[in-house]
Amino acid sequence: MRKVILIPDSFKGTLSSTELCEAMAAVIVARRPGAEVVALPVADGGEGSVAAFLAAVGGDRVPVSVTGPFAGEQVESFYGRLDDTTAVVEMAAAAGLPLAEGRLAPDLTTTYGVGELMLAAATAGATRLVIGAGGSATNDLGTGAAAAAGVRFTDAAGTAFVPTGGTLDRIAGIDASGLAPELAACEVTVMCDIDNPLYGSRGAAHVFGPQKGADAAMVELLDRQLRAGAAAIARDLGVEVADVPGAGAAGGLGAGLLAFFGATLRQGIDVVLDAVGFDHQLTGADLVITGEGRLDAQSLSGKVVVGVARRASSRGVPVVAVVGQVGEGYEAVFDLGVTRVEATSPPGRPFSQARLTAREDLIATMERLLDTL
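Counting from 3, one number per residue, gives the positions in the sequence shown under the numbering used here.
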């Protein structure tokens, strides 16, 4: 084994992608002295996206105080400045699930802080924004972000308001003429870690609402609200967003950024792989080791493991996925370029237990893997 590429996503809540790379590399160096190890910690648009970009291409982490998931509450956030013209905004840094822990309410949460981050980066000179759309606590169709950037939403009485996931059906008018000129001039690319449409059985509410705290009745409410919001966008802006792949990302933020900012939606992992020069790194590689916290049917929609495997397999490089746990439907990854899957924790083991020994379990799994290759 001459060259190994390590390119995992984080194990959410336990190990960052950088920590995974460090632990994996230590085992490889011990078991395969002389092997070249290329570490490329990545993220596909969710938590850790800014750190992954900065680790890959350099730049600065810029602190900003913005509105959190709940209106009127400030959080200390940040964006990544890669160079004079390019910035990376991680929506989870302003409206992510961890920020709403203990009071999940996707009908009330807002992406307003995401818009504030975008505006801060553009005001500082960025003309190209990369938005990581993953890990959200919201379901507001990106209307909060748009409102922070100057888009005006009015109700039937003509009163301006900032919609949330539970009030999209109140939108009687959308006026985008006030969009901040700094943002209007920006090229916006959205990193989507899924390809789901905006609403319906595969939409934002039905697929991701429950993990944000929505029960069955609220899922139906949120789905109806997204339909109403999409209809308002089509009526007032002339943009059809419902069925665009990735429109359902981050509670409809993908659709909102497309409608309000003219954004382009791309698979998040493809944006990152291009940025880190993955295709070039594949030259001379004998093995690629990737991974994510949980590998299941949702992983097929464009997350890190599948994105990496598609590119590596096209070059004939075998891919091993080292993951926290496997779930229903994970076997389909073998048809998409993954050669082997190793789980560090058995199915059904509670996360509260698995997180306590995550690093030790990872090291033991890597040792078994290298001993049997």
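Cβ coordinates follow ideal geometry from the N, Cα and C atoms, glycine included.
Quiz prompt | Rounded straight-line distance, which links the Cα of residue 129 to that of residue 87 | solution = About 5 angstroms.
Self-check item: For residue 227, the first and last residue of its enclosing alpha helix (DSSP H)
Solution: Taken as a continuous stretch (DSSP letters only), the alpha helix (DSSP H) holding residue 227 covers 218 to 239.
Quiz item: Can you give the Cα-Cα distance for residue 314 and residue 285, rounded to whole angstroms?
Solution: Cα-Cα distance, rounded: 10 angstroms.
Quiz prompt | Distance between residue 356 and residue 82 (C-alpha atoms, nearest Å) | solution = About 31 angstroms.
Quiz item: CB-CB under 8 angstroms to residue 349, same chain, minus the five flanking residues each way: which ones, in chain order?
Solution: Here the set comprises 327, 328, 329.
Quiz item: What's the gap between the Cα of residue 375 and the Cα of residue 288?
Solution: Cα to Cα, residue 375 sits roughly 12 angstroms from residue 288.
Self-check item: Pick from 181, 18, 226, 183 that is closest to residue 2, judged by C-alpha positions
Solution: Outside the displayed span of the chain (3 to 375) sits residue 2, for which this structure offers no information.
Practice problem: Check whether the segment 25 to 39 touches the segment 59 to 66, taking contact to mean three or more Cβ pairs, one atom from each stretch, closer than 8 angstroms. | Solution: At 8 angstroms Cβ cutoff, the stretches do not touch.
Self-check item: Same chain only: Cβ atoms within 6 angstroms of residue 112, ignoring 5 sequence neighbours per side
Solution: Same-chain partners within the cutoff: 73, 142, 146, 166.
Quiz item: Which residues in the same chain as residue 4 place their Cβ atom closer than 6 angstroms to its Cβ, once the five residues preceding and following it in sequence are excluded?
Solution: Only residues of its own chain outside the window of five on either side were considered, and among them 288 have a CB closer than 6 angstroms to the CB of residue 4, listed in chain order.
Quiz item: Helix, strand or coil: which one does DSSP assign to residue 344?
Solution: Look at residue 344 here: in three-state DSSP terms it is strand.
Quiz item: With 16 as the cutoff for other CB atoms within 10 Å, does residue 195 come out buried or exposed?
Solution: By the neighbour-count rule (16 or more Cβ atoms within 10 Å), residue 195 is buried.
Quiz item: Considering only the beta carbon of each residue, do residue 261 and residue 239 sit closer than 8 angstroms?
Solution: A contact, by the Cβ cut-off of 8 angstroms.
Quiz item: Nearest to residue 98 by alpha carbon, out of 131, 15, 159, 171?
Solution: Among 131, 15, 159, 171, the Cα nearest to that of residue 98 is on 15.
Quiz item: When burial is assigned at 16 or more other CB atoms within 10 Å of the CB, is residue 269 buried or exposed?
Solution: With 16 or more Cβ atoms within 10 Å of its Cβ, residue 269 is classed as buried.
Quiz item: Would you say the segment 183 to 200 touches the segment 155 to 164, given that touching needs at least three Cβ pairs under 8 angstroms?
Solution: Contact between the segment 183 to 200 and the segment 155 to 164 is absent: fewer than three C-beta pairs spanning the two stretches fall below 8 angstroms.
Quiz item: In this structure, what does DSSP give as the bridge partners for residue 133?
Solution: Beta-bridge analysis with DSSP links residue 133 to 91, 192.
Self-check item: Spatial distance of residue 380 from residue 266 (CA atoms)
Solution: Given that the chain is displayed from residue 3 to residue 375, the structure contains no residue 380 and the question cannot be resolved.
Quiz item: Among residues of its own chain, excluding the 5 on either side of residue 173, which ones have a beta-carbon nearer than 8 angstroms to its beta-carbon?
Solution: Cβ within range, chain order: 145, 155, 156, 157, 165, 230, 231, 234.
Self-check item: Proximity below 8 angstroms, CB of residue 153 to CB of residue 115
Solution: Not in contact: residue 153 and residue 115 (Cβ atoms no closer than 8 angstroms).
Quiz item: Of all the alpha helix (DSSP H) runs that stay within the bounds of the segment 288 to 370, which reach a length of 4 or more residues?
Solution: Listed in chain order, the complete alpha helix (DSSP H) runs (minimum 4 residues) inside the segment 288 to 370 are 306 to 316, 353 to 356.
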